[in-house]
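Student: I am attaching a structure below and will ask some questions about it afterwards.
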Ligand code: URA
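In full-length UniProt numbering, the protein residues as written are 114 to 311.
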């Protein structure tokens, strides 16, 4: 991926960042979005959960994880005695919904992720979270870098770092809906994240 201009994102305040995301044209996903999805939570949140990108429901409502995967994420938070919007910030790697030519949700490309990454980087710099949970491979690899072929399975069960912030990688809730047998493993990951937070 070639270098993409930062557009001053690295110096933005939280309100400036919100405004910039809402009107962003850094990649072509702006042409098909209804709403850019900045994330939910406040600037003082100590927990950061990072997903992949908005789907149909998120694009419509402008909030992350509001569909079936979001329901599961809310339950995962609840199990950790956390709640959406309370000491947690939920964000995505890309702020606009990636769709394929049939209008179906798809994963973001490397170019789309790279174009959007300065926003996530700035969100992290402003939030200064105590612990980050990477939900799925796209979030994990965006935060941790490394070989694009690396699986979540290979990244689990070890504490990673983004700068000096501990990062735990776990399965994406949408994956867990398809493969509920892996929920037990994901719970272990969340416990590891809670240990890193403590
Ligand atoms: N999946 C994601 O990764 N993010 C959302 O916001 C919704 C579904």
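C-beta atoms are modelled at their ideal positions from N, C-alpha and C, and glycine is treated no differently.
Model, not experiment: these values are computed from the prediction.
List the endpoints of the continuous alpha helix (DSSP H) containing residue 265.
Tutor: For the purposes of this step, residue 265 is taken as residue 152 along the chain shown, with counting starting at 1. Residue 265 -> alpha helix (DSSP H) spans 265-268.
Student: Please classify residue 216 as buried or exposed, where buried requires at least 16 other C-beta atoms within 10 Å of its C-beta.
Tutor: Against the chain shown, residue 216 aligns to sequence position 103. The residue in question, residue 216, is exposed, as its Cβ has fewer than 16 Cβ neighbours within 10 Å.
Student: Quick one, what's near ligand 1 if you take every residue whose CB is closer than 7 Å to any heavy atom, in chain order?
Tutor: Every residue whose beta carbon comes nearer than 7 Å to a heavy atom of ligand 1 appears here in chain order: 150, 164, 165, 166, 167, 168, 171, 177, 178, 180, 182, 183, 205, 248, 249, 285 and 287.
Student: Return yes when the Cβ of residue 226 is within less than 9 Å of the Cβ of residue 255, no when it is not.
Tutor: Reading the chain shown from its first residue, position 142 is the one you call residue 255. Reading the chain shown from its first residue, position 113 is the one you call residue 226. At a Cβ-Cβ threshold of 9 Å, residue 255 and residue 226 count as neighbours.
Student: Per DSSP, residue 274 forms a beta bridge with which residues?
Tutor: Here residue 274 corresponds to residue number 161 of the chain shown, with the count starting at 1. Note: residue 274 sits in a beta bridge opposite 279.
Student: Report, in whole angstroms, the separation of the C-beta atoms of residue 201 and residue 162, which I expect to be a contact under 8 Å.
Tutor: Start at 1 with the first residue of the chain shown, and residue 201 comes out as number 88. Start at 1 with the first residue of the chain shown, and residue 162 comes out as number 49. That belief holds up - the Cβ atoms of residue 201 and residue 162 are roughly 6 Å apart, short of 8 Å.
Student: Do the CB positions of residue 293 and residue 245 come within less than 9 Å of each other?
Tutor: The sequence position of residue 293 within the chain shown is 180, counting from 1. The sequence position of residue 245 within the chain shown is 132, counting from 1. No; because the gap between Cβ atoms is not below 9 Å, this pair is not in contact.
Student: What's the gap between the Cα of residue 275 and the Cα of residue 247?
Tutor: On the chain shown, position 162 is the one that residue 275 refers to. On the chain shown, position 134 is the one that residue 247 refers to. Straight-line Cα distance between these residues: approximately 11 Å.
Student: Just checking my contact of residue 295 with residue 289 at CB under 8 Å: how many whole Å lie between their CB atoms?
Tutor: Taking the first residue of the chain shown as position 1, residue 295 is located at position 182. Taking the first residue of the chain shown as position 1, residue 289 is located at position 176. The beta-carbon distance between residue 295 and residue 289, rounded to whole angstroms, is 6 Å. This is short enough to meet the 8 Å contact definition.
Student: Could you spell out the range, first to last residue, of the alpha helix (DSSP H) harbouring residue 297?
Tutor: Numbered from 1 along the chain shown, position 184 holds the residue referred to as residue 297. Element bounds for residue 297: 296-310.
Student: Just the Cα atoms here: how many angstroms apart are residue 147 and residue 307?
Tutor: Locating residue 147 in the chain shown gives position 34, counting from the first residue. Locating residue 307 in the chain shown gives position 194, counting from the first residue. For residue 147 and residue 307, the distance between alpha carbons rounds to 35 Å.
Student: Where are the beta strand (DSSP E) runs, 3 residues long or more, that stay fully inside the region 170-214, in chain order?
Tutor: 201-205
Student: With a 10 Å radius around its C-beta and 16 neighbouring C-beta atoms as the bar for buried, classify residue 197 as buried or exposed.
Tutor: As a working mapping, residue 197 is identified with position 84 in the chain shown. Residue 197 comes out buried.
Student: Could you have a look at residue 118 and say whether DSSP puts it in helix, strand or coil?
Tutor: Translated into the one-based positions of the chain shown, residue 118 becomes position 5. If DSSP states are grouped into helix, strand and coil, residue 118 belongs with coil.
Student: Quick one: any contact between the region 223-242 and the region 183-195, if contact means 3 or more CB pairs under 8 Å?
Tutor: No: the two stretches stay apart, fewer than three of their Cβ pairs being nearer than 8 Å.
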